[in-house]
Structures are given as C-alpha cells and as structure tokens.
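Heads up: the sequence shown begins at 41 in my numbering, then just goes up one per residue.
Every residue, glycine too, gets a C-beta built ideally from N, C-alpha and C.
These numbers come from a predicted model, not from an experiment.
Working notes, structure below.
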Amino acid sequence: MARGSTGKGKVAAKRGQPKELHSRPPLDRMMQIHESIKRGNYPNATSLAQKLEVTTKTIHRDIRFMRDRWELPIEFDAAYNGYKYTRDVDSFPMLKINEGELFALLIAEKALQNYRGTVFEKRLSGAFQKIADSLPDTVNIHLNEWSEALSFHQTSATVMEVNVFDRICQAAAKRKQLRILYTKPNQKPEERLIDPYQIANINNEWYLYAYDHMRKDIRCFVPARIEKVETTGKLFERPANFSLTDYLAGSFGVFTGDEAYQVRVRFSKMVGPFIRERQWHPTQQLKNLKDGGLELSLKLSHLIDFRKWILGWGGEAKVLEPPELVEMVKTEAQSILDN
41 MARGSTGKGK
51 VAAKRGQPKE
61 LHSRPPLDRM
71 MQIHESIKRG
81 NYPNATSLAQ
91 KLEVTTKTIH
101 RDIRFMRDRW
111 ELPIEFDAAY
121 NGYKYTRDVD
131 SFPMLKINEG
141 ELFALLIAEK
151 ALQNYRGTVF
161 EKRLSGAFQK
171 IADSLPDTVN
181 IHLNEWSEAL
191 SFHQTSATVM
201 EVNVFDRICQ
211 AAAKRKQLRI
221 LYTKPNQKPE
231 ERLIDPYQIA
241 NINNEWYLYA
251 YDHMRKDIRC
261 FVPARIEKVE
271 TTGKLFERPA
281 NFSLTDYLAG
291 SFGVFTGDEA
301 YQVRVRFSKM
311 VGPFIRERQW
321 HPTQQLKNLK
331 DGGLELSLKL
341 SHLIDFRKWI
351 LGWGGEAKVL
361 EPPELVEMVK
371 TEAQSILDN
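The structure is reproduced here in structure tokens:
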C-alpha cells in the first residue's frame with residue numbers, strides 16, 4: 041500500500057492512484073493532454089494520470105483550466121469513456137511572443153548575473169524558467185541560439201551575506217524596524233537603530249536608505265557592511281511623501297546633500313565623444329567647443345560621487361567650477377603624486 045501523508049489537512053494517497061513524486065511543468069502536461077485528445081485517443085483521467093505520473097485530481101484540474109480559461113471545446117464522451125474535442129482545434133494556446141519581446145526576454149535572462157548571490161537570484165531564475173517553459177519549442181530554440189550572441193560582464197561584484205540581505209529586504213517590505221551592527225571603512229562596528237525605507241541598486245551596487253534614529257535623518261548604508269540584523273518588534277511608518285528619486289535628484293550616484301552646486305567641467309576632444317554618448321545627469325547641458333572638446337554643466341547637491349567620476353578621466357577633464365570641487369580634485373591629484 042502506498043504511503044500517504046497523515047498530517048493535518050492532508051489525505052493519504054488512494055490505492056492504485058500514483059503518488060506525485062515529481063511534477064513536470066503544468067504547461068507541458070496540458071500540451072500532452074491536448075495532443076492525446078486531438079489524436080482521437082479518447083483519454084480519460086485514469087489513463088492520463090498513469091501516463092503523466094500525476095493524480096487523477098491533477099488531471100481533472102488541468103482539464104477544467106483548459107476548458108474554462110483557454111476555452112478549449114473539451115467534452116467527456118461516455119460512449120468511449122474518454123475526452124474529445126467537439127470541434128477542430130488547430131493549435132494549442134501558447135504564450136505568443138514576437139521577435140522584439142524575445143530579445144528583451146533574453147536581455148532579462150542575461151541580466152540575472154547582476155543578482156548572483158542576492159535573495160533575488162533564485163526568485164528571478166524561477167520566474168524566468170516559468171516563462172521559458174511556456175514558450176513553444178521553436179521559440180526556445182531561437183532563445184538558445186541568440187544567447188550565444190549576447191552576454192553581460194562585470195569587473196567586480198559586491199560580496200555580501202545573503203541571509204543578512206534577505207532580512208533587510210523583508211524588513212523594508214514589511215515596515216519592520218531594525219537594529220543593525222554596521223562597520224564603516226577603517227572604523228569599529230557600531231550599533232544603529234534604523235527604519236529601512238528602501239533598498240536601491242545604483243550602478244550595479246546595492247544600498248539601503250533608512251531613517252537613522254541616532255542621526256535623526258535619512259542615511260545611506262552599504263548592505264555588505266552590515267554584520268548583524270535584528271528586528272525590534274516595532275513597525276514604522278514610512279513618510280507618505282518619501283521618494284528616493286526625489287531624494288537623489290541632486291546626487292551624482294549615491295550621496296546627496298543640502299547644497300546647490302553649479303558644476304562646469306571642460307573635456308578634451310579626445311574624450312568628448314564619450315561624454316556625448318550618455319545622459320550623465322538629468323540637469324546636464326553640453327556645449328561644443330571650437331577645439332573639438334566640450335563643456336559639461338550640471339547642478340548637484342553633493343560632490344563626492346562626482347569627484348570620483350572626474351578623477352577617472354585624468355588629464356582629459358578640467359574642473360572650472362565650483363571652487364570647492366576644483367580644490368578637491370587638486371588635493372586628490374597631489375595625494376596621488378605624493379604616494
């Protein structure tokens with residue numbers, strides 16, 4: 041006698057009924073049901089359950105779905121003790137996808153590598169697999185062929201504790217207050233009481249924006265630097281007018297401030313084309329220069345992220361204003377020479 045679960049709310053498997061040790065994707069199963077009915081085999085729930093290694097209950101559920109949701113003309117014929125189509129069915133209802141959507145799907149699949157090692161990896165992979173399972177075989181073939189022509193590459197990836205990141209995400213979603221142990225570079229670990237407002241991926245790096253009860257203001261935390269996470273048992277209310285997009289409007293990446301800087305940078309003709317190719321900031325304005333270079337103007341509330349970016353262009357970029365940024369770049373350049 042087959043063993044059945046005796047737990048509460050579960051029913052033991054009946055004699056002669058196959059136990060579902062594993063289950064093929066529902067779409068694949070329903071496609072086989074469709075093919076059997078279309079061939080005029082008059083399959084019934086028992087024969088289909090044996091063939092597909094599922095219970096008759098599962099077959100009945102699949103039949104109802106095919107008939108009610110996909111409006112397939114399925115009817116049980118008592119004379120043949122099996123199912124039939126009452127009219128011709130040309131094709132099985134499939135997820136329809138055009139070439140552009142297929143390419144976008146491929147982009148999404150390739151982009152999954154940016155989420156390796158995070159709580160999202162398994163969930164995104166599972167969601168993508170469900171979509172892939174619902175595609176016709178010909179589409180899957182094209183998807184595999186195209187995947188050889190497209191790839192994503194990262195020069196580095198943040199190392200973080202997945203369980204810690206998962207707990208932070210759960211707390212942000214459920215508005216749970218947290219007590220964390222946070223370590224800034226070259227400093228000792230420090231306990232912080234925070235209300236996690238939002239987790240953001242900025243330039244392929246993860247950041248947590250939260251209300252810091254000690255600082256009494258919103259602060260940016262790097263999840264990889266969080267060593268311990270505990271819920272306090274309290275819930276918090278995120279301000280209704282909080283918008284991370286608005287909060288970061290004056291930033292050039294992660295950090296924001298209360299200042300208002302008018303920034304101007306002159307780029308040589310050597311790197312001018314690269315600057316023109318991208319939208320670096322919503323407020324940016326470009327001015328072409330006679331020597332082939334260009335001048336970039338934008339408005340920022342914080343200069344740290346922009347300073348890092350400017351230094352990456354080396355001698356091909358010259359800061360014109362504000363004076364604070366000019367001095368910051370000079371100091372950093374001198375430090376490089378001294379070392």
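Under the assumption that residue i contacts residue j (Cβ atoms under 8 Å), give the Cβ distance between them as a whole number of angstroms.
i    : j    : result
I239 : C209 : 6 Å
L334 : F307 : 6 Å
R219 : E231 : 7 Å
V294 : I258 : Going by Cβ atoms, the distance from V294 to I258 rounds to 12 Å, so no, they are not a contact pair.
Y222 : R255 : So it is not a contact: roughly 12 Å between Cβ atoms.
S191 : K150 : 6 Å
L338 : Q324 : 5 Å
T296 : H342 : 5 Å
A211 : T271 : 6 Å
P362 : Y301 : 5 Å
L248 : F261 : 4 Å
Would you mind sorting residue i into buried or exposed? The rule is 16 or more other CB atoms within 10 Å of its CB.
i    : result
N379 : exposed
R64  : With a pLDDT of only 49 at R64, under the threshold of 50, the placement of this residue in the model should not be trusted; the figure read from the coordinates follows. Counting Cβ neighbours within 10 Å, R64 comes out exposed, since fewer than 16 surround it.
H74  : buried
W110 : exposed
Y237 : buried
V94  : buried
T98  : buried
I77  : buried
H321 : buried
L92  : buried
G332 : exposed
G290 : buried
Taking the Cβ atom as the reference point for each residue, do residue i and residue j lie within a distance shorter than 8 Å?
i    : j    : result
L19  : V303 : No answer is possible for residue 19: it lies beyond the span of the chain, which begins at 41 and ends at 379.
Y82  : Y120 : yes
V305 : L336 : yes
D108 : R69  : no
V204 : V269 : yes
I344 : V369 : no
H100 : A85  : yes
Would a check of beta-carbon distances place residue i closer than 8 Å to chain D?
i    : result
N226 : You won't find chain D in this structure, because it holds only one protein chain.
For residue i, report the span of its alpha helix (DSSP H) as first-last.
i    : result
G273 : Taken as a continuous stretch (DSSP letters only), G273 belongs to no alpha helix (DSSP H), being part of the beta strand (DSSP E) at 266-275.
Just curious, the beta strand (DSSP E) that residue i is in, first and last residue?
i    : result
A357 : 357-361
P236 : 230-242
E75  : E75 -> not in any beta strand (DSSP E); alpha helix (DSSP H) instead, spanning 66-78.
May I ask you to list the residues that DSSP assigns as paired with residue i?
i    : result
D252 : I234, D257
D117 : G122
K385 : This structure does not reach residue 385, given that the chain is present from 41 up to 379, and the question cannot be answered.
Y222 : E230, I266
V303 : L338
W380 : Past the boundaries of the shown model lies residue 380; the chain is included only from 41 to 379, so the question cannot be answered.
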